[in-house]
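Peer 1: Numbering (our numbering), first residue to last: 592 to 1046.
Please read through the structure below; I'll follow up with questions.
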Amino acid sequence: MENVSRRSFLKGVGAMGVGMGMMPILSVLGVDAKVKAEGLESAVEGLKYFANLNSSDELLEAVLAESEVTSDLTMSDGTVIPAVYVRMRNRINRIGKGIGSIPSANSYEMIMELWSEEDAENYLKMPLHQAFTAANYAAEAGISEEAAATILEDQAHRNLIWRMIRGDQPYYALMPYINGFWEFGELDRALHGTMEDVAKFDSLGISGTDPNSNGYDTTFPLFRSYPISKDVVAEGELLPYEDWRAIIKRHKTIMVSPCQCRTMWQALGVPYPEEHPMNTCLSLGEMAEYFIENDIGKQITQDEAIAIVEDVISKGMVVEAICAKNPNIICCCHSDSCGNLMGFRGVDGKGACAKYYNAYTLEYDKDKCLKCGLCVSKYPMHSISQDEDGYVVLDDACVRCGQCVPVCPGKARILKAMPDYPELPEDYIDSNRFFAKDRMQRGQLVDFTDSTLDV
């Protein structure tokens, strides 16, 4: 692909729809969302949906209640999608942020590329939203434990399901598309194949659209940002679960891998700032062990991991992790090179960040502002501008990372803890369960059961 500007590339892709290039990834991250003022208001009010998500068994039962699909799907061009893939896509859509309940013309491409029909049948017998052993799977599938172990290890080795070792016992869990089999599949192709392999993989379609969606709702996002240090918060210390250094120090096993977003740009020939490092994605604990077994990264020490994050902070980037108390993935991002933050920034340059994206608010003291504009050039979200009088104006894309705080000579900016910030999911599996329950509660998660698709 001929090099083009990243922004013009995104605009062109958005105009062509989700079938083009990496739009399957970006549509889940939110880049193609048409955010309107009323959508932002709805997102801010979205907290009401989270009040009982961690304790609602009825919602989880609804998430687990999959529809039966027995008929093949015939597309408008005559292409026939076997019923097993229709069921498979419905199943993947029930994990995490999903892939859009209503499929488009190319929404089965990636699934059919990664799973054979036999693979899909085996996958559909695996327990949903829980860690399970080969013995658990054998009981569900009606096969021997040895056969179950072979099937599970094969799909785990191909980055299709997650594997974790607990007390010498392998456990497995179904992964979402993002953060899950897309990232890990892309890494495998980048590290053991070619950039052409990556480009082909990233161009496969999978995403659709959700009903009852208000665009890019960021009440609780797939990834959330952390303050760069305790020095940028008014309290002088970080809230529990808000300290990225502490998260790293909780884990002895750590891997670093190439940034999946910047890998995608590289494969597709789309430029991004050269000063943004490539090897910045950290996996921790059980996730790092999975990366080791699947050879999709490099093992590093705690000190090396902290040094990587400190380096990207010095380059004006944002520290992010999956939305959980105990995340096992940490990303280092910027709105010029990260799909998730591009979603907040928006292809059209408008911000789309809701109140509860972060546990902090950014306080600005106009009386202390020197109107120097240093914060404008430093901020990774391009959220800060100056009005005609030189005072700072902040748009809705601010992710409250704190990068603008230390550069302010007048000390006019500081992060303050939000006292009513909701409780987070516990971990990776719980986070995926949490998001699925949220989408179910909003009427966004539905199974596609039609036998024809007119697209």
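Backbone N, C-alpha and C fix where the C-beta goes; we use that ideal spot for every residue, glycine too.
Return the chain-ordered ranges of every alpha helix (DSSP H) run that is complete within the segment 804-878 and spans a minimum of 4 residues.
Peer 2: Those alpha helix (DSSP H) runs which fall completely within the segment 804-878 and span 4+ residues are 835-840 and 851-859.
Peer 1: Rounded to whole angstroms, what's the CA-CA distance from T724 to Y763? Just pull it up for me.
Peer 2: Distance between the alpha carbons of T724 and Y763: 6 Å.
Peer 1: Keeping to the same chain, check which residues put their C-beta closer than 6 Å to that of M592; ignore five residues upstream and five downstream.
Peer 2: Summary for M592: the model assigns pLDDT 39, below 50, so the residue's position carries little reliability; its value from the coordinates is reported in the next sentence. So the list reads L859 and G860, once near-sequence residues are dropped.
Peer 1: Measuring alpha carbon to alpha carbon, tell me which of G827, L829 and T854 ends up nearest V789.
Peer 2: Closest option to V789, Cα to Cα, is T854.
Peer 1: Pull up the distance between the alpha-carbon of S968 and that of P818, whole angstroms please.
Peer 2: Each residue's alpha carbon lies about 18 Å from the other.
Peer 1: Below 8 Å on the Cβ atoms is my guess for V909 versus C992; work out the distance and round it to an integer in Å.
Peer 2: At roughly 5 Å, the Cβ-Cβ gap stays under 8 Å, so V909 and C992 are in contact.
Peer 1: Pick from D986, M766 and D980: whose alpha carbon is nearest that of N878?
Peer 2: For the sequence presented, residue 878 should be read as Met rather than Asn. The option with the nearest alpha carbon to M878 is M766.
Peer 1: So is G930 buried or exposed if we call it buried at 16+ other beta carbons inside 10 Å?
Peer 2: With 16 or more Cβ atoms within 10 Å of its Cβ, G930 is classed as buried.
Peer 1: Taking all protein chains shown into account, do 16 or more other C-beta atoms lie within 10 angstroms of the C-beta of A837, making it buried, or fewer, making it exposed?
Peer 2: Label assigned to A837: exposed.
Peer 1: Given this structure, state the Cα-to-Cα distance separating T785 from D793, to the nearest angstrom.
Peer 2: About 13 Å.
Peer 1: So does the segment 985-1004 actually touch the segment 954-969, counting three or more Cβ pairs closer than 8 Å?
Peer 2: Yes, since at least three Cβ pairs between the segment 985-1004 and the segment 954-969 fall closer than 8 Å, the two stretches touch.
Peer 1: I believe F935 touches M972 by the beta-carbon criterion, under 8 Å. Please report the beta-carbon distance rounded to the nearest angstrom.
Peer 2: The pair is a contact, with the Cβ atoms about 7 Å apart (cut-off 8 Å).
Peer 1: Which residues in the same chain as L715 place their Cβ atom closer than 8 Å to its Cβ, once the five residues preceding and following it in sequence are excluded?
Peer 2: The answer, listed in chain order, is V675, R678, M679 and R682.
Peer 1: List the endpoints of the continuous alpha helix (DSSP H) containing V909.
Peer 2: Looking at the DSSP string, V909 is not in any alpha helix (DSSP H); the run it does join, the beta strand (DSSP E), is V909 to I913.
Peer 1: Compare the C-alpha of H842 against each of S804, Q890 and R815 and name the closest.
Peer 2: Nearest option by C-alpha distance: Q890.
Peer 1: Suppose you measure from the CA of F882 to the CA of G776; what does that come to, to the nearest Å?
Peer 2: So the alpha carbons of these two residues sit roughly 11 Å apart.
Peer 1: For G1052, which of Q851, P1016 and E1017 has the nearest alpha-carbon?
Peer 2: Because residue 1052 is not part of the residues shown, which for the chain are 592 to 1046, the question remains open.
Peer 1: Using C-beta distances below 7 Å, list every residue in its chain close to A781, excluding the 5 sequence neighbours before and after it, in chain order.
Peer 2: So the qualifying residues of the chain are V789, P849 and T854.
Peer 1: From Y1019 to G981, what distance separates their C-alpha atoms?
Peer 2: Rounded to the nearest angstrom, the two C-alpha atoms are 44 Å apart.
Peer 1: In this structure, does DSSP put T1040 in helix, strand or coil?
Peer 2: It is coil, neither helix nor strand.
Peer 1: Would the beta-carbon of L651 fall within 8 Å of that of K1028?
Peer 2: Result yes, Cβ atoms of L651 and K1028 sit closer than 8 Å.
Peer 1: Taking the Cβ atom as the reference point for each residue, do A1008 and L795 lie within a distance shorter than 8 Å?
Peer 2: No, the pair does not count as a contact, with Cβ atoms beyond the cut-off.
Peer 1: From M717, Q746, A747 and R749, pick the residue whose C-alpha is nearest to that of I734; which is it?
Peer 2: Selected option, being the one with the closest Cα: M717.
Peer 1: Quick one: is V823 buried, meaning 16 or more other Cβ sit within 10 Å of its Cβ, or exposed?
Peer 2: V823 is buried by the Cβ-count criterion.
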